[in-house]
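Protein chains in written order, with our numbering: chain A, 217 to 553; chain B, 187 to 639.
The beta-carbon is built from N, C-alpha and C at its ideal position, and this holds for glycine as well.
The structure displayed is predicted, hence computed values, not measured ones.
Worksheet: one structure, shown below.
Printed below as a string of structure tokens:
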């Protein structure tokens, strides 16, 4: 698992490294020139143009060397150093982006964005899974009934709609046609103001409804399929024939047996939700991890890209691990393997 | 895993209603693509991002069929390039182009433009006049084309904002006694005495007078600017959305099918080989699989699109990288089961090559499953590509549905109520996805009979 993490990091660095070097070097050149133009005394102290140019070049080279940029980005030294720093959770400073409070420390920025993504996407995932499990259990225990058909149809149809497009339609309908919800999901007031939480919740409603609307169908369908499988097992049929209450069978016995795969999916989608759907956040202008990621990539803010990828991968791996443990707990058969 | 024969699958599939609906939708999409490829010249979609190509189209015009549903008829954008040509040869020869405009809308046109491309020598006089429904005739423009001794081609656009037109209209309406200084030319000439729209037949006469020399009009076009155009309307950049939507169909099908077929093939072979070889090879291959599985796909796709290239063909490759993983896992576990069958063991003992066993004995068993997964993974590829395009990372040389939505988002289509810019591209994405989901579900139910009951 640790290896997976390292490979992910390496890939990220490999992909953005060369561009980053170009940007950093240009930054240094710009910085040196700016310093010289600000201080005319330096320029006056040289008699010939060649000498002056040489001085500038020396300055640039010197700074490139101190930052270690004279070695290519793929040199083992630099890659190793970057990876070491990330391992001890020191992501350094962002090149362009800052957090709302003005800090450019990548750790600060991530800490600021993650709670917002958790607030929106994790809440949505939890609501989706609760609706999905109950609807799925209901549909799975009455195969062929009206509710089963509606759920299946809804799942199939909703899974082919892109969430962000539905988001655009929702904004169009509820923000501009019937002014019920705000169009931008970012509250206009400062986080320090007292009404901020309420404003945030109000702004959250539209994206939340959209995500839940598109998501729960697929969940219900998955749960239904597991349930259909479980409901055909001999022990359920036996329980039915004994005459145990149907509701009790569904929720106590069948659902419990269908639990392992459901738990796995729940764990994975919870951690997946932390990445925030990049596109959904872009549509609703939600200031979370997804939008941060997109902004960072569009301006090539390397420290943030690496930091965010790292955090997301770590969380994902942890959830795979937890899901495995839970699976073993719910389905002891896999332990013996 | 029980094997299902192809004829059996076909028979079962014909029974499944949603499967047939899916095939039907897919067929109509394929027909649409063929129509797009054959009827719309490739130039048009290459010019998609070239504003010069769309200059004679209206800005953010609603689809023309909206007029059937509203009481106040929106003026339709008219591009008239088929005038009735009348020529008279006398001492002074006359070439007359007559544009007949049926104006039955409840609002004034936004402007009108006359565009001419003419080949001549000597000096010519160009006159544009208009006969209104109340039979009054207005001279709009009277100007001489540039004098030339040799044969030249002259191209000219005359806009309704032309000061000559304004002057001539002022003269005409002042005689009638109701000239309004602040009204634009088009609002004057399409109005009745009360300032409302005068409905009826308008006849634009473009006359070119010349002495002896012959005049060859190559192109003559009158554009009456309106607020409704075509099947699908136009966007902020005057592009005809019908072209974009039509061209998006083959592109989406290409992306979806290429990614699905590619990733399923790779995943299938990879998984089967790992499962068949077993032991250390299996372990190593599955660890590599885990690595790809743990990569956050969308962020990586964005990084790849930004740093390497956003060409549509490379994008297909990038999408494949992230979508073969799940299939490899499933086909590995299936291969593990098939491996223990006696005929596989028998052929192993006979000393057949591993590659032959994999391709001849194991993979054919998994084909039904492979087809189902191809159909199921198409929508994901299409929506992911649309999503990337929506973020502005699409291939700018090809107009995909995602890019239309990207532009719509940038120009604030939702805020301005331009629904025809948002709804159709998304609907197309959803319908295409739906077709494959239907087919995939129908196949899945046949391949995994447990779900059916």
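Checklist entry - Listed in chain order, which residues of the segment 576–591 of chain B have Cβ atoms closer than 7 Å to some Cβ of chain A? => result 576, 577, 591
Item to check | Which listed residue (B/296, B/307, B/282, B/435) has its alpha carbon closest to that of residue 313 of chain B | outcome: B/282
Next on the checklist: Suppose you measure from the CA of residue 637 of chain B to the CA of residue 488 of chain A; what does that come to, to the nearest Å?
Outcome noted: Per-residue confidence for residue 637 of chain B stands at a pLDDT of 49, beneath the threshold of 50, marking its modelled position as unreliable; the derived number appears in the next sentence. Residue 637 of chain B and residue 488 of chain A: Cα-Cα distance of roughly 27 Å.
Checklist entry - With distances taken from CA atoms, which of B/255, B/309, B/570, B/293 is nearest residue 373 of chain B? => result B/293
Next on the checklist: So for residue 485 of chain A, helix, strand or coil by DSSP?
Outcome noted: helix
Next on the checklist: Let's see if you can read the secondary structure: which residues bound the alpha helix (DSSP H) around residue 312 of chain B?
Outcome noted: It is not in any alpha helix (DSSP H) - residue 312 of chain B instead sits in the beta strand (DSSP E) that spans 310–317.
Checklist entry - Whose Cβ in chain A lies nearer than 7 Å to the Cβ of residue 616 of chain B? => result 376, 377
Item to check | Contacts around residue 459 of chain B, its chain only, beta-carbon distance under 7 Å, and the 5 residues preceding and following it disregarded | outcome: 544
Checklist entry - Does the beta carbon of residue 369 of chain B come closer than 7 Å to any beta carbon on chain A? => result no
Next on the checklist: I'd like the list of long-range same chain contacts for residue 338 of chain A, defined as Cβ closer than 6 Å, with 5 residues on each side in sequence excluded.
Outcome noted: 489
Next on the checklist: Check whether chain A comes within 7 Å of residue 209 of chain B, counting only Cβ atoms and requiring the distance to be less than that.
Outcome noted: no
Checklist entry - For residue 226 of chain B and chain A, any beta-carbon pair shorter than 7 Å? => result no
Checklist entry - In the segment 505–524 of chain B, which residues sit with their C-beta less than 9 Å from some C-beta in chain A, listed in chain order? => result none
Checklist entry - The beta strand (DSSP E) with residue 397 of chain B in it runs from where to where? => result 386–397
Checklist entry - For residue 248 of chain A versus residue 276 of chain A, is the C-beta spacing smaller than 7 Å? => result yes
Next on the checklist: Using beta carbons (cut-off 7 Å, strictly below), is residue 502 of chain A in contact with chain B?
Outcome noted: no
Item to check | Start-end ranges of the alpha helix (DSSP H) lying completely within the segment 461–545 of chain B, minimum 4 residues | outcome: 465–480, 483–493, 498–509, 511–525, 528–535
Next on the checklist: Here's the rule: buried if 16 or more other CB atoms are within 10 angstroms of the residue's CB, otherwise exposed. What is residue 225 of chain B?
Outcome noted: exposed
Checklist entry - How should residue 475 of chain B be labelled, buried or exposed, when 16 other C-beta atoms within 10 angstroms of its C-beta is the threshold for buried? => result buried
Next on the checklist: My output table needs one value for residue 209 of chain B: the three-state DSSP class, helix, strand or coil.
Outcome noted: helix
Checklist entry - Expressed to the nearest angstrom, what Euclidean distance is found between the alpha-carbon atoms of residue 241 of chain A and residue 315 of chain A? => result 24 Å
Item to check | N-terminal and C-terminal residue of the beta strand (DSSP E) that residue 272 of chain B is part of | outcome: 270–274
Checklist entry - What separation, rounded to the nearest whole angstrom, lies between the Cα atoms of residue 422 of chain B and residue 603 of chain B? => result 12 Å
Next on the checklist: With a threshold of 7 Å between beta-carbons, can residue 553 of chain A be considered close to chain B, or not?
Outcome noted: In this prediction, residue 553 of chain A scores a pLDDT of 47, lower than 50, which makes its location untrustworthy; the coordinate-derived value is nonetheless stated afterwards. No, because no Cβ of chain B sits closer than 7 Å to the Cβ of residue 553 of chain A.
Checklist entry - Are there 16 or more other CB atoms within 10 angstroms of the CB of residue 300 of chain A, so buried, or fewer, so exposed? => result exposed
Item to check | Residue interval of the beta strand (DSSP E) (run including residue 289 of chain B) | outcome: 278–289
Next on the checklist: Starting from residue 370 of chain B, trace the alpha helix (DSSP H) in both directions and tell me its first and last residue.
Outcome noted: Unbroken run through residue 370 of chain B: none, as it is neither H nor E.
Checklist entry - When burial is assigned at 16 or more other CB atoms within 10 Å of the CB, is residue 238 of chain A buried or exposed? => result exposed
Checklist entry - If you measure from the beta carbon of residue 153 of chain B to each beta carbon in chain A, is any gap under 7 Å? => result In the structure as shown, chain B starts at 187 and stops at 639, and residue 153 of chain B therefore has no counterpart that could be examined.
Checklist entry - DSSP state of residue 293 of chain A, grouped into three classes? => result helix
Item to check | Environment of residue 321 of chain B [buried if 16+ CB atoms lie within 10 Å] | outcome: exposed
Checklist entry - I think residue 561 of chain B touches residue 629 of chain B, with their Cβ atoms under 8 Å apart; what is that distance to the nearest whole Å? => result 6 Å
Checklist entry - Whose CA, out of B/526, B/290, B/257, B/205, lies closest to the CA of residue 386 of chain B? => result B/290
Item to check | residue 271 of chain A: first and last residue of the uninterrupted alpha helix (DSSP H) it sits in | outcome: 265–282
Item to check | Run of the beta strand (DSSP E) containing residue 343 of chain B, from where it starts to where it stops | outcome: 334–345
Checklist entry - Relative to the alpha-carbon of residue 431 of chain A, which residue among A/470, A/439, A/379, A/409 has its alpha-carbon at the smallest distance? => result A/379
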